[in-house]
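Engineer:
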Amino acid sequence: MQTLRIDLSEYRPYIQALQDRLNQDGVYTMSMTDAVKIAIEKAVEKLLPDVKINKTRKKYIEINF
Numbered sequence: 018m019q020t021l022r023i024d025l026s027e028y029r030p031y032i033q034a035l036q037d038r039l040n041q042d043g044v045y046t047m048s049m050t051d052a053v054k055i056a057i058e059k060a061v062e063k064l065l066p067d068v069k070i071n072k073t074r075k076k077y078i079e080i081n082f
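Sequential numbering of the sequence shown, starting at 18, is according to this note's numbering.
1) Return yes when the Cβ of Leu35 is within less than 8 Å of the Cβ of Ala52, no when it is not.
2) Go ahead and label Leu21 buried or exposed: buried means 16 or more other beta carbons lie within 10 angstroms of its beta carbon, across all protein chains shown.
3) Going residue by residue through the segment 27–51, where are the continuous alpha helix (DSSP H) segments of at least 4 residues, counting only ones entirely within it?
4) Between Leu64, Glu58, Glu62 and Ile32, which lies nearest to Thr73 when the distance is taken from Cα to Cα?
5) In whole angstroms, what separates the C-alpha of Lys69 from that of Met18?
Here it is in structure tokens:
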């Protein structure tokens, strides 16, 4: 499979904010790529419920203190 390179430079502040929020409560440190993958997965689950996603990112586990 060929690597997809999308220019998300204009969205960098939003991706970083999402990454920071995920890293506040998560067990594992999420990269910006992981944050984008999570956002895409959530959108696909909501908008395309018949589509099954094969998740390849780190597992996001939330810690509740």
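C-beta atoms are modelled at their ideal positions from N, C-alpha and C, and glycine is treated no differently. Everything numeric in this text was worked out from a predicted model, so none of it was measured.
Structural biologist: Looking at the coordinates:
1) yes
2) exposed
3) 29–42
4) Glu58
5) 18 Å
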